[in-house]
Amino acid sequence: MFPDYDVIIVGGRPGGASLAARLGQSGLKTLIVERSEFPSVPAVSTPFILPHTLGLLDEIGAQESEYARNTPRMNRFVLEFKNYFRVPFYMQTSAGRDYMYTAERGRFDTALWRNLGRFPTVTALENFAVTDLVRDETGRVVGIEGRHPQQAAQTFTAALVVGADGRYSTVASKVEAAVIHQRTDVDTTLYYAFWENVAPYDASGEPLAHIHTSVDGFSYVFMPTADGQTAVIAQGQAGLYDPAAGEVQSMYLQLLQRQPHVWRRLSKAAQVSKLSGMKRIGNLFRQPTGFGWALVGDAYHQKDSLDAQGIYDTLLSSKFLAEELAAWKAGQKTLEEAQEAYGRRIYAALRPMFDATMGRVKREIYDIPPTFIAKTVLRWVLTSPIYQHNFAANVIRQMPDPVGWTAPPQMIKMLGSGLGQSLGRALRRTPDPYHLPPASALPQK
Numbered sequence: 034m035f036p037d038y039d040v041i042i043v044g045g046r047p048g049g050a051s052l053a054a055r056l057g058q059s060g061l062k063t064l065i066v067e068r069s070e071f072p073s074v075p076a077v078s079t080p081f082i083l084p085h086t087l088g089l090l091d092e093i094g095a096q097e098s099e100y101a102r103n104t105p106r107m108n109r110f111v112l113e114f115k116n117y118f119r120v121p122f123y124m125q126t127s128a129g130r131d132y133m134y135t136a137e138r139g140r141f142d143t144a145l146w147r148n149l150g151r152f153p154t155v156t157a158l159e160n161f162a163v164t165d166l167v168r169d170e171t172g173r174v175v176g177i178e179g180r181h182p183q184q185a186a187q188t189f190t191a192a193l194v195v196g197a198d199g200r201y202s203t204v205a206s207k208v209e210a211a212v213i214h215q216r217t218d219v220d221t222t223l224y225y226a227f228w229e230n231v232a233p234y235d236a237s238g239e240p241l242a243h244i245h246t247s248v249d250g251f252s253y254v255f256m257p258t259a260d261g262q263t264a265v266i267a268q269g270q271a272g273l274y275d276p277a278a279g280e281v282q283s284m285y286l287q288l289l290q291r292q293p294h295v296w297r298r299l300s301k302a303a304q305v306s307k308l309s310g311m312k313r314i315g316n317l318f319r320q321p322t323g324f325g326w327a328l329v330g331d332a333y334h335q336k337d338s339l340d341a342q343g344i345y346d347t348l349l350s351s352k353f354l355a356e357e358l359a360a361w362k363a364g365q366k367t368l369e370e371a372q373e374a375y376g377r378r379i380y381a382a383l384r385p386m387f388d389a390t391m392g393r394v395k396r397e398i399y400d401i402p403p404t405f406i407a408k409t410v411l412r413w414v415l416t417s418p419i420y421q422h423n424f425a426a427n428v429i430r431q432m433p434d435p436v437g438w439t440a441p442p443q444m445i446k447m448l449g450s451g452l453g454q455s456l457g458r459a460l461r462r463t464p465d466p467y468h469l470p471p472a473s474a475l476p477q478k
């Protein structure tokens, strides 16, 4: 008996929608189901969409004018360390862009879902909740069972069922996908809300990403997004950021208020949304494929948001799986060979950046250096032109070795470079571009 579809995708947000688009481009008969209805309540996420990510969106035909409608472009970001110093970074070019966005997930997800209407071999069902997986007599996953609200259950079959249904994936749970690698020693918790009338970062008034590390186990991020709003994130060590029930909002505000360089931008602003967030963000890889199934996006791989790679990782996993399934459909590989190749490729692509992100979380949130070290060694390293270039390149995945560029020998080179610059400015008595003025001297409204 022939299956109804080549592939069934469970989950219609970026991972699932991008996979369906790529399968549609290759002519695979595809069913994608999503439990929500678009436009829907946004996912708990307010991600940066970086230049390399924009390139992947181009490949599936997603329209920038739709998913980034009324959203400011940013070509720089600033990293502050307490009141010690600040370092500007400029976006490097990838996919013809040198700018990024903060996605408003409601319009972003809706744009990717509606993009599927261009592909005649893709059937998209929204407001459809999967309740179980269908298996044959050998135990192989061969389909899904689910329903629309107030309607009878329906069953659909396919050669492969893909879980693109997020970190709490129903598919991963039903197939008991094993965790194959995990870090639990640098877990963080974050909460965010949207604000209006946020003071500009500097006199230019230009939108930029503003990251403030308070060197006490917490970090804060300002993310200008659609319709004049700014997402403001407070993130910290999971053991320190553990408010009791009913105290999440008050702790969030207390954290913001105790940092002068954060609160100076918010003292005359208004919080216009409820808090959203994640406790103890997972850092893991699951088994990517199995007997009739595969996982993409957060269903497969999760890591801390500090390096802003989540959407890119999701889109890349969908790209790799789609390429392998196209080879299967063309008769170049068996389905099992395609699944194995996908698992090998995606792990090799994502593991180095995973390790790099874990290292950065440890350095910037878990390690609390003495004040003297922060004002000297740390400052010299981060203000080194080598560090600034490599960090900006790593953000868009243009460093061949995401971990190696911060290895001790490289750090020593960057330390020497930054120290040399600092001594040169002192001898020439030129202004220090990394000086962080007091909060009272910066824009308040």
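Just so we're aligned: the sequence shown equals residues 34 to 478 in this note's numbering. Note that beta-carbon positions come from the ideal geometry of N, C-alpha and C, so glycine has one too.
The DSSP assignment places complete beta strand (DSSP E) segments of no fewer than 3 residues inside the segment 314 to 373 at 317 to 319, 326 to 328, in order along the chain. By the neighbour-count definition (other C-beta atoms within 10 Å, threshold 16), Glu137 is a buried residue.
Relative to Ala474, the option among Arg298, Gly57, Glu357 whose CA is nearest is Arg298. Linking Val414 to Gly88 through their CA atoms gives a straight-line distance of about 31 Å.
Cα atoms of Gln262 and Tyr225: separation of roughly 12 Å, rounded to the nearest angstrom. Taking C-beta atoms as the reference points, Gly179 and Ile41 fail to come closer than 8 Å. The continuous alpha helix (DSSP H) containing Leu56 extends over residues 47 to 58. Residue environment for Asp331: buried (at least 16 other C-beta atoms within 10 angstroms of its C-beta). Spanning the alpha carbons of Arg313 and Ser206 requires a straight line of approximately 19 Å. The residue among Ile398, Gly453, Pro433 with its C-alpha nearest the C-alpha of Ala381 is Pro433. Taking 8 Å as the upper bound for CB-CB distance, Pro84 and Ala128 are in contact here, some 6 Å apart. The way I'd put it, the segment 240 to 257 does touch the segment 269 to 278; three or more beta-carbon pairs between them come closer than 8 Å. Burial check for Gly457: the Cβ neighbour count within 10 Å stays below 16, so the residue is exposed.
The criterion of a C-beta distance shorter than 8 Å is not satisfied by Ala278 and Thr135.
Around Pro182, the same chain offers Asn160 as residues with beta carbons nearer than 7 Å, after the five sequence neighbours per side are excluded. With contacts defined by Cβ atoms closer than 8 Å, Glu99 and Ala144 form a contacting pair.
The distance from the Cβ of Val174 to that of Val208 is about 7 Å, consistent with a contact at the 8 Å cut-off. By the Cβ neighbour-count rule, His334 is buried, with 16 or more other Cβ atoms within 10 Å of its own. Here Leu166 really is in contact with Val194; their C-beta atoms are around 6 Å apart, less than 8 Å. By alpha-carbon distance to Ala101, the top candidate from Ser59, Ser237, Pro257, Lys115 is Pro257.
If you look at Val414, you'll find it in the alpha helix (DSSP H) that goes 412 to 415. In the three-state reduction of the DSSP assignment, Ile429 falls in the coil class. Inside the segment 140 to 212, DSSP marks whole beta strand (DSSP E) runs of 3 or more residues at positions 155 to 159, 162 to 168, 174 to 180, 187 to 196, from first to last along the chain.
If you check the CB distance, Arg319 and Ile213 come in under 8 Å. Exclusion of the five residues before and after Pro435 leaves Pro385, Met386, Asp388, Ala389, Asn427 as the residues of its chain whose Cβ lies within less than 8 Å of its Cβ.
Note that the segment 225 to 235 touches the segment 296 to 311; at least 3 beta-carbon pairs, one per stretch, sit closer than 8 Å. Under the DSSP assignment, Met311 falls in the beta strand (DSSP E) whose first and last residues are 309 to 311.
C-alpha of Asp235 to C-alpha of Pro476: approximately 6 Å in a straight line. At least 8 Å separates the beta-carbon of Leu61 from that of Val329.
Around Gly437, the same chain offers Gln443 as residues with beta carbons nearer than 8 Å, after the five sequence neighbours per side are excluded. Pairing Gly199 with Gly44 gives a Cβ-Cβ distance under 8 Å. The C-alpha of Val219 lies about 14 Å from the C-alpha of Asp275.
In the DSSP assignment, Pro84 falls within the alpha helix (DSSP H) that extends over 84 to 92.
Judged by DSSP in its simplified three-state form, Glu113 adopts strand.
Between the C-alpha atoms of Val394 and Ala327 there is a straight-line separation of about 29 Å.
By the criterion of a C-beta distance shorter than 6 Å, Phe353 is surrounded in its chain by Tyr375, Arg378, Ile379, once the five residues flanking it on both sides are discounted.
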